[in-house]
Each structure stands twice: as structure tokens, then as C-alpha cells.
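S.K.: One structure is given below, represented as C-alpha cells, and several questions about it will come after.
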Amino acid sequence: MNAIRDVVIVGAGHAGFSLANALADAGFDGRIVLVNREDHLPYQRPPLSKKYMSDGRHEDLFFQPKEFFENGNVVLVPDSVGAIDRNSQVVLTKSGERIPYDVLVLATGTSAIRISLPGDDGDVAYLDSLDAAISLRRRLSEARRIAVIGAGFIGMEFAAGAISKSISVSIVDNASRPMERSVSQSTSMYFRDELAKAGVAFHFRNSAISLCKRNGKIESVGLQDGGEMPADLVLSGVGTKPNVELALQAGLFCSNGVVVNEFLATSDPNIFAIGDCAAFPAVDGKSHSRITSVQNASDQGRYLAHRLLGREGNPYRKIPWFWSDQGPNKLQIAGLSGDANSFVTRRSDIAGKFSIFGYREGQLVSVESINRPGDHALARKILEQGISPDPEMVGSADFDLRTLFGKVSSQQEIGAQPLSA
1 MNAIRDVVIV
11 GAGHAGFSLA
21 NALADAGFDG
31 RIVLVNREDH
41 LPYQRPPLSK
51 KYMSDGRHED
61 LFFQPKEFFE
71 NGNVVLVPDS
81 VGAIDRNSQV
91 VLTKSGERIP
101 YDVLVLATGT
111 SAIRISLPGD
121 DGDVAYLDSL
131 DAAISLRRRL
141 SEARRIAVIG
151 AGFIGMEFAA
161 GAISKSISVS
171 IVDNASRPME
181 RSVSQSTSMY
191 FRDELAKAGV
201 AFHFRNSAIS
211 LCKRNGKIES
221 VGLQDGGEMP
231 ADLVLSGVGT
241 KPNVELALQA
251 GLFCSNGVVV
261 NEFLATSDPN
271 IFAIGDCAAF
281 PAVDGKSHSR
291 ITSVQNASDQ
301 GRYLAHRLLG
311 REGNPYRKIP
321 WFWSDQGPNK
331 LQIAGLSGDA
341 NSFVTRRSDI
351 AGKFSIFGYR
361 EGQLVSVESI
371 NRPGDHALAR
381 KILEQGISPD
391 PEMVGSADFD
401 LRTLFGKVSS
411 QQEIGAQPLS
421 A
């Protein structure tokens with residue numbers, strides 16, 4: 001580790017910037033090169049589908065001002081990497097620059113999945129970059145009817161923002177409910193009902209099959225069941241795919257992402273992968289998972305910085321957490337709800353504020369908190385400490401999450417059992 005002088009990071013999103021910033025903060029005295037394929041300073045992505053669509057300034061998205069890169073030891077290279085020469089340990093940029101590395105880190109993120117619809121001549125919008133957000137916000141200011149393809153987090157957040165501007169919004173998805181792969185049915189239906197009350201029209205178990213135009217302008221989206229969604233603006237949010245092309249060209253092992261071990265190293269010990277593009281061992285150690293979240297990307301960046309500096313010997317193990325702002329409602333998730341096969345709801349005396357505990361074979365694996373940030377903060381700590389309260393206790397009116405955390409050191413007192421490793 002002491003021999004490391006040149007760290008090259010490909011990708012300047014949350015993972016890449018977190019790594020560069022953590023190395024700089026820790027006093028790394030080598031060279032840190034951050035290769036950024038976008039023309040902007042490194043920026044935060046979650047606000048693109050939230051506050052930025054309403055009234056945000058793109059300058060507020062930047063992690064650091066340009067002076068950070070001009071005066072510090074993080075060198076920002078506005079370019080794309082075209083190839084990796086693993087034998088010479090050099091990356092070659094699209095502009096022809098050769099950048100040597102001792103350690104190379106791939107933080108290439110994801111890209112929006114593009115759809116193919118008859119009639120689409122580049123009309124469908126996507127939201128996977130600041131440039132795309134700038135263009136979409138400009139079009140949004142002129143839109144009166146919006147069709148959203150995909151009822152995942154991006155689609156739901158965008159729809160919530162648009163409907164608040166008194167714009168007509170329709171959403172189509174071939175799933176049976178919103179965010180189906182990510183949240184419990186109760187949470188899903190709550191957010192569906194909230195947007196429906198606000199005026200959003202949903203079309204589930206359906207799909208978009210064409211764009212209908214008049215005089216070159218979008219009029220509607222044709223649906224598989226024969227119906228239509230009126231629209232003069234169409235946004236697709238059907239999902240993302242990991243950017244693994246560079247890794248594949250370099251001969252690195254990829255499977256639903258760049259595959260890494262428990263220390264985030266790829267099949268080449270001098271190359272690591274972090275963030276949304278990395279498929280890493282799950283907490284159970286039995287499978288690989290790829291998690292697209294700010295927390296995971298940032299945590300992996302900081303973890304790898306400490307490991308490269310010789311200050312971290314343990315495998316990467318973090319409980320993932322997420323959030324989504326949809327209109328006035330905030331959803332926060334600790335753990336992975338998709339791993340759960342049963343759920344227990346804990347309600348409060350106030351409508352629209354509740355938490356859902358997800359279990360797999362009797363053990364707690366996730367907590368979804370709707371407008372209850374206190375529950376979310378405590379849930380993260382409980383999951384991190386491997387505590388699993390009995391499902392019947394969670395459902396009891398006397399159950400208090402704060403009391404549970406206060407007794408976290410005495411599992412027998414609270415009828416809890418440790419999570420399996």
C-alpha cells in the first residue's frame with residue numbers, strides 16, 4: 001500500500017468523488033486523478049428528479065467549487081477513458097492522453113435504459129445526467145400533458161413534481177404497482193394512492209408501444225391495451241444498466257456489473273470498482289449484489305480510500321439505505337425490502353406516518369419509514385448491530401423502537417435474535 005503513488009479514478013459521481021475527497025482529506029501525498037466524462041464539475045445526482053426540477057440551481061449541485069480542483073491534489077480531467085492497458089498500467093483517454101496508474105478505480109456508474117418506440121425520433125426524455133436534467137426542465141416549463149414510462153423512483157418523483165405544477169400526468173408500467181421491486185406492497189400502494197389523489201393517472205400491467213404525433217409533435221403515447229396517454233412530453237424511467245463496457249474491454253470479469261471481492265477489488269488486483277457499477281458480495285456473503293444508492297456509492301468510496309491507505313483491513317459490509325421524496329411525502333428505507341418475504345406495519349396516531357418492518361424467515365432485513373425520519377435513523381442502527389425484534393412485538397401497540405434500541409445490548413430482554421452473518 002505504501003508504494004501507491006498514482007490513483008486514477010474513472011467516473012466523478014458520488015462514488016468517484018467520495019474516494020478522491022477521502023484520499024485528499026486523509027493526507028494522501030500521491031497523485032489523485034479524477035476522470036470526468038461530463039463537462040460539469042462533479043455533482044450530486046439525486047436532486048435531479050427532485051428539487052432541481054422545481055427551482056434548483058445547477059451550481060448548488062456541485063460537490064466542490066472549481067477552486068477545490070485547481071488548488072488541491074485532486075486533478076480533474078474532463079475526458080472519457082477509451083481503453084485500459086493493464087500490462088503497462090495506463091489508461092488512454094478519448095483525446096489521446098495516457099495516464100499512468102498504480103491503482104485504477106472504476107466508478108463508471110449506470111446509464112438509463114433506452115427504449116425503442118415507433119415514432120420516437122429522439123423525443124423521449126431521460127434523466128441520467130445534469131445536461132439531461134437541464135434540457136428536461138426547459139421542456140417541462142412548456143409542457144401541459146406528461147406521460148411517464150416506468151413507475152420506479154425516478155418516474156414517481158418526477159410525476160410528483162410535475163403534478164404539483166398543475167400539469168396533467170399519466171404513468172404506465174408493466175408491473176402491478178409502483179416501485180414493485182424495491183418496496184413492500186403497503187408502501188407501494190400508499191404512494192400510488194397519494195399521487196392518484198393529486199391527479200396522476202396510472203396504467204399498470206400495461207406498456208407503451210408507440211408515440212403518436214401530429215405535425216411532428218407528440219400528441220400521445222399508444223398503449224398495449226389499445227388506450228392512449230395524452231402527452232406533449234414523454235419521460236422514460238424504466239431502469240438503469242451498469243456501465244461495464246470499459247471493464248469488459250479490459251478483460252475484467254463482469255456479471256450485472258463489474259464483479260469485485262469483499263475488498264472491492266476486481267479480477268485484476270490493481271483495479272477496483274465502486275458504486276453503482278460494482279457487483280459486490282452481499283451482507284450474507286453468499287451472493288453478489290449491485291446497489292444503486294448514494295449511501296452505498298459514498299460509503300464504498302470512503303472505505304476504499306481507507307483501505308488504500310492501509311487503515312482498513314475488514315471486508316466492506318454496510319447496511320444499505322435509500323430515500324425518495326415524492327411531493328410532501330418522504331420514504332426512507334434501511335436494508336433491502338426485496339429480500340423480505342413478510343412484513344409487519346407499525347402505525348402512528350398521525351395519518352400518513354408509519355413504518356413497515358420486513359422479515360425473511362423471521363429475521364429483520366429492512367425497515368421502510370414513511371414520514372417518520374426518527375424510525376429510519378434508529379432502524380439503520382438496529383440493522384447495523386444485527387438485532388432482529390420479534391415480528392409480533394413489532395406489531396404490538398406497545399412496541400417502541402427507541403426502547404428496542406436502548407436495550408440493544410441485551411437481546412434476550414427484547415425477544416430479539418441476532419441476524420445470521
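According to UniProt numbering, the sequence shown holds residues 1 to 421 in order.
Yeah, the Cβ is synthetic: ideal placement off N, Cα and C, and Gly gets one too.
1. Going by alpha carbons, who is nearest to aspartate 173 out of Ile163, Ala160, Thr240, Ala147?
2. Mind pulling the beta strand (DSSP E) runs of 3 or more residues that sit fully within the UniProt domain "Reductase C-terminal" (321 to 404)?
3. Tell me the DSSP secondary structure of tyrosine 52 in three-state form.
4. Going by DSSP, name the residue or residues bridged to threonine 222.
5. With DSSP as the reference, label lysine 66 as helix, strand or coil.
6. On the DSSP letters alone, give me the boundaries of the alpha helix (DSSP H) that isoleucine 154 sits inside.
7. What does a CB cutoff of less than 7 Å around alanine 20 pick up in its chain, not counting 5 residues either side in sequence?
8. Taking the straight line between their C-alpha atoms, what separation do you get for alanine 15 and glutamate 142?
9. Please list, in chain order, all residues of the same chain as threonine 266 whose beta carbon is under 8 Å from its beta carbon, the five residues on each side excluded.
10. Rounded to a whole number of angstroms, what is the C-alpha to C-alpha distance between serine 420 and glutamate 361?
11. When you compare the CB positions of leucine 264 and glutamine 300, do they come within less than 8 Å of one another, or not?
12. With DSSP run on the structure shown, which of helix, strand or coil describes isoleucine 414?
13. How big is the Cα-Cα spacing for alanine 416 and leucine 383?
14. Where does glutamate 157 land, buried or exposed, given buried means 16+ other C-beta within 10 angstroms?
15. Going by DSSP in three states, aspartate 131 sits in which element: helix, strand or coil?
16. Please return the same chain residues whose Cβ sits closer than 6 Å to the Cβ of glutamine 412, not counting the five positions on each side in sequence.
17. Classify aspartate 29 as buried or exposed, calling it buried when 16 or more other Cβ atoms lie within 10 Å of its own Cβ.
18. Closest to isoleucine 84 by C-alpha separation, out of Met189, Asn371, Asn270, would be which residue?
19. Along the alpha helix (DSSP H) that carries asparagine 296, what are the first and last residues, could you check?
20. Using C-beta distances below 6 Å, list every residue in its chain close to arginine 302, excluding the 5 sequence neighbours before and after it, in chain order.
21. Taking the straight line between their C-alpha atoms, what separation do you get for proline 118 and arginine 138?
22. If we call anything under 8 Å between Cβ atoms a contact, is glycine 11 one with glycine 72?
23. Tell me which residue opens and which closes the beta strand (DSSP E) that leucine 104 is part of.
24. Shortest alpha-carbon distance to proline 42 belongs to which of Phe69, Tyr190, Ser170, Lys50?
25. Suppose you measure from the CA of alanine 160 to the CA of aspartate 325; what does that come to, to the nearest Å?
26. Using the Cβ count rule (16 or more neighbours within 10 Å means buried), how would you classify threonine 403?
27. According to DSSP, is alanine 20 part of a helix, a strand, or is it coil?
28. Just how far apart, CA to CA, sit aspartate 131 and histidine 40?
M.R.: In terms of the structure at hand:
1. Counting from one through the sequence shown, the residue named residue 173 turns up at place 173. When each option's Cα is compared against that of aspartate 173, the closest is Ala147.
2. Within the UniProt domain "Reductase C-terminal" (321 to 404), the complete beta strand (DSSP E) runs of at least 3 residues are 321 to 326, 329 to 335, 342 to 347, 354 to 360, 363 to 370.
3. For the purposes of this step, residue 52 is identified with residue 52 of the sequence shown, where counting begins at 1. Here tyrosine 52 sits in helix by DSSP.
4. Start at 1 with the first residue of the sequence shown, and residue 222 comes out as number 222. According to the sequence shown, residue 222 is glycine rather than threonine. Bridge partners of glycine 222: Ser210, Glu228.
5. Against the sequence shown, residue 66 aligns to sequence position 66. Looking at lysine 66 - three-state DSSP - the assignment turns out to be helix.
6. Counting from one through the sequence shown, the residue named residue 154 turns up at place 154. Isoleucine 154 -> alpha helix (DSSP H) spans 153 to 163.
7. As a working note, residue 20 is residue 20 in the sequence shown. Once the five neighbours on either side are set aside, the close Cβ partners of alanine 20 are Ile9, Ile32, Leu34, Val74.
8. To locate residue 15, count along the sequence shown from 1; it is residue 15. To locate residue 142, count along the sequence shown from 1; it is residue 142. Taking the Cα positions, alanine 15 is about 35 Å away from glutamate 142.
9. Taking the sequence shown and counting its residues from 1, the one referred to as residue 266 is at position 266. Closer than 8 Å at Cβ, skipping near neighbours: Leu106, Ala247, Leu252, Phe253, Val258, Val259, Val260, Phe272, Ala273.
10. In the sequence shown, the residue the question calls residue 420 occupies position 420. In the sequence shown, the residue the question calls residue 361 occupies position 361. Summary for serine 420: the model assigns pLDDT 30, below 50, so the residue's position carries little reliability; its value from the coordinates is reported in the next sentence. Rounded to the nearest whole angstrom, the C-alpha separation of serine 420 and glutamate 361 is 11 Å.
11. Taking the first residue of the sequence shown as position 1, residue 264 is located at position 264. Taking the first residue of the sequence shown as position 1, residue 300 is located at position 300. For the pair leucine 264 and glutamine 300, the CB atoms are nearer than the 8 Å cut-off.
12. Taking the first residue of the sequence shown as position 1, residue 414 is located at position 414. With a pLDDT of 38 at isoleucine 414, under the threshold of 50, the modelled position of this residue cannot be trusted; read the value that follows with caution. Here isoleucine 414 carries a helix assignment [DSSP, helix/strand/coil].
13. Numbered from 1 along the sequence shown, position 416 holds the residue referred to as residue 416. Numbered from 1 along the sequence shown, position 383 holds the residue referred to as residue 383. Interpretation of alanine 416 is limited by its pLDDT of 38, a score under 50 that renders its predicted location unreliable; the figure taken from the coordinates is listed afterwards. In this structure, the CA atom of alanine 416 is about 12 Å from the CA atom of leucine 383.
14. As a position in the sequence shown, residue 157 is number 157, starting the count at 1. Glutamate 157 sits buried, since 16 or more C-beta atoms from the chains shown fall within 10 Å of its C-beta.
15. Counting from 1 along the sequence shown, the entry for residue 131 is found at position 131. It is helical.
16. Within the sequence shown, numbered from 1, the residue matching residue 412 stands at position 412. Residue placement at glutamine 412 is poorly supported in this model, since its pLDDT is 37, which falls under 50; the coordinates are not used for a value here.
17. Working through the sequence shown from its first residue, we reach residue 29 at position 29. It counts as exposed.
18. In the sequence shown, counting from the first residue as 1, residue 84 sits at position 84. Of the listed residues, the one whose Cα sits closest to isoleucine 84 is Asn270.
19. Here residue 296 refers to the residue found at position 296 when the sequence shown is read from its first residue. Note, asparagine 296: alpha helix (DSSP H), 294 to 308.
20. Here residue 302 corresponds to residue number 302 of the sequence shown, with the count starting at 1. Same-chain partners within the cutoff: Ser18, Ala22.
21. One-based indexing of the sequence shown puts residue 118 at position 118. One-based indexing of the sequence shown puts residue 138 at position 138. Going from the Cα of proline 118 to the Cα of arginine 138 covers about 25 Å.
22. For the purposes of this step, residue 11 is taken as residue 11 along the sequence shown, with counting starting at 1. For the purposes of this step, residue 72 is taken as residue 72 along the sequence shown, with counting starting at 1. Against a cut-off of 8 Å, the Cβ pair of glycine 72 and glycine 11 comes out as no contact.
23. Numbered from 1 along the sequence shown, position 104 holds the residue referred to as residue 104. It spans 103 to 106 - the beta strand (DSSP E) in which leucine 104 sits, taken as one unbroken run.
24. Here residue 42 corresponds to residue number 42 of the sequence shown, with the count starting at 1. Answer by Cα proximity: Phe69.
25. Here residue 160 refers to the residue found at position 160 of the sequence shown. Here residue 325 refers to the residue found at position 325 of the sequence shown. If I take the Cα positions, the gap works out to 9 Å.
26. Locating residue 403 in the sequence shown gives position 403, where the first residue counts as 1. Residue environment for threonine 403: exposed (fewer than 16 other C-beta atoms within 10 angstroms of its C-beta).
27. As a position in the sequence shown, residue 20 is number 20, starting the count at 1. Three-state DSSP puts alanine 20 in a helix.
28. What you label residue 131 is simply residue 131 of the sequence shown in a count that begins at 1. What you label residue 40 is simply residue 40 of the sequence shown in a count that begins at 1. So the two alpha carbons sit approximately 9 Å from each other.
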